[in-house]
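Here's the structure, in structure tokens; my notes come after.
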């Protein structure tokens, strides 16, 4: 039995004890789900004791069970003992700041949990401070999901402080947390030093144009962040233009989500202008209904070029003489250009260190022919 799931039921102490004993003896169980259940007072402890002794469980879902602070305390105790669980989903349990503290304490010495999901738990500034302390010590967490809580700017700043020197967290979800301009500035300060975070979800906040400008500025130098969502953040054409001005200098960002903002054709035109000089961005999400078809087609065009690897042509320093030979090959082998651009860009590089004695006297175009086998 690899998966065990219970939904829409009532868990009393006796049934909790039975479940705890079962989880200690059943081999190969990797996933346990307790979703939308009513866990009676005093019932969560025996279940957590059983999970603490389980050595095969990898994913634990305790979602919408109203476990409150008592359940969080039992959870923290379990996390100190269990060294098997890798993914922990604890959404909608009314933990609050006190419960968040108990869970963070349990995670301090835990070396196996990679994903923690605490969405919709009423976590505010004090809970964020608990996470700040945890992120400074824990070296196992890869993904932290804190969406739909009550962090605000102060809580966001506390989390950002904890992440400044963290080298393990790759993804952070702070969506729907009442974060404004001050919070975005704290995150930008964190991104100026953190070179590990790859995904940042700020959807459903209120960073506005000023926050967008601050984030765009720091992404000129931060090359680690690959995915950013600022969906529904009160960003207008001014915020879009701020990103557009910085796009040519961005070297890391691969996907930018800006839908559900006040960006019309004017802001999209600015983004298009910046996109023409950015060779890294592969996905740009803006509101289609606000765009004219010519602008939309142009955005799609440049995005497709980026996905096909147009940056290779800029960094390779190709001798112009190679192009006639490549184009001659297209009629016989139509995929040859795609192959070089997408699969073997290194073969297009002129490496002086690797020139053979027999090719040093050849013109550059013939040297490339010999390297990549284009000569007929």
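Residue numbers (our numbering): 644 to 1019. Ideal Cβ positions, reconstructed from N, Cα and C, are used throughout, including at glycine.
Taking the runs of the alpha helix (DSSP H) that are 4 residues or longer, which of them lie wholly in the region 871 to 909?
With a minimum length of 4 residues, the unbroken runs of alpha helix (DSSP H) contained wholly in the region 871 to 909 fall at 880 to 889.
Does the region 686 to 693 come close enough to the region 744 to 752 that 3 or more CB-CB pairs lie under 8 Å?
no
Between the C-alpha atoms of residue 826 and residue 854, what's the straight-line distance to the nearest angstrom?
Here residue 826 refers to the residue found at position 183 of the chain shown. Here residue 854 refers to the residue found at position 211 of the chain shown. So the alpha carbons of these two residues sit roughly 8 Å apart.
Between residue 886 and the rest of its own chain, which residues show a CB-CB distance below 6 Å, the 5 nearest in sequence each way excluded?
The residue given as residue 886 occupies position 243 in the chain shown. Same-chain partners within the cutoff: 859.
Euclidean distance between Cα positions of residue 661 and residue 654
For the purposes of this step, residue 661 is taken as residue 18 along the chain shown, with counting starting at 1. For the purposes of this step, residue 654 is taken as residue 11 along the chain shown, with counting starting at 1. Straight-line Cα distance between these residues: approximately 10 Å.
Taking the alpha helix (DSSP H) that residue 949 falls in, what are its first and last residues?
In the chain shown, residue 949 corresponds to position 306, counting from 1. Per DSSP, residue 949 belongs to the alpha helix (DSSP H) from 936 to 950.
State the start and end residues of the unbroken alpha helix (DSSP H) segment that holds residue 791.
Here residue 791 is taken as the residue at index 148 of the chain shown, counted from 1. Careful: residue 791 lies outside any alpha helix (DSSP H) and carries neither H nor E.
Give the DSSP-derived three-state secondary structure of residue 796 in the structure shown.
The sequence position of residue 796 within the chain shown is 153, counting from 1. Looking at residue 796 - three-state DSSP - the assignment turns out to be helix.
If the criterion is Cβ atoms closer than 8 Å, does the pair residue 866 and residue 888 meet it?
Counting from one through the chain shown, the residue named residue 866 turns up at place 223. Counting from one through the chain shown, the residue named residue 888 turns up at place 245. With contacts defined by Cβ atoms closer than 8 Å, residue 866 and residue 888 do not form a contacting pair.
Run through the region 827 to 870 for me and flag every whole alpha helix (DSSP H) of 4 or more residues, listed as ranges in chain order.
Entirely contained in the region 827 to 870, the alpha helix (DSSP H) runs reaching 4 residues are, in chain order, 851 to 861.
Put residue 676 into one of helix, strand or coil per three-state DSSP.
As a first step, residue 676 is located in the chain shown; it is residue number 33 there, counting from the start. If DSSP states are grouped into helix, strand and coil, residue 676 belongs with the strands.
Collapsed DSSP secondary structure at residue 650 in the structure displayed:
Counted from its first residue, the chain shown places residue 650 at position 7. Three-state result, residue 650: strand.
For residue 741, report the span of its alpha helix (DSSP H) as first-last.
In the chain shown, counting from the first residue as 1, residue 741 sits at position 98. From DSSP, the alpha helix (DSSP H) with residue 741 extends over 739 to 751.
Do three or more CB pairs link the region 716 to 726 to the region 667 to 680 at distances below 8 Å?
no
Please report the distance separating the alpha-carbon of residue 759 from that of residue 734.
Walking along the chain shown from the start, residue 759 turns up at place 116. Walking along the chain shown from the start, residue 734 turns up at place 91. Each residue's alpha carbon lies about 10 Å from the other.
According to DSSP, residues forming a beta bridge with residue 927
What you label residue 927 is simply residue 284 of the chain shown in a count that begins at 1. For residue 927, which the question treats as bridged, DSSP gives the partners 899.
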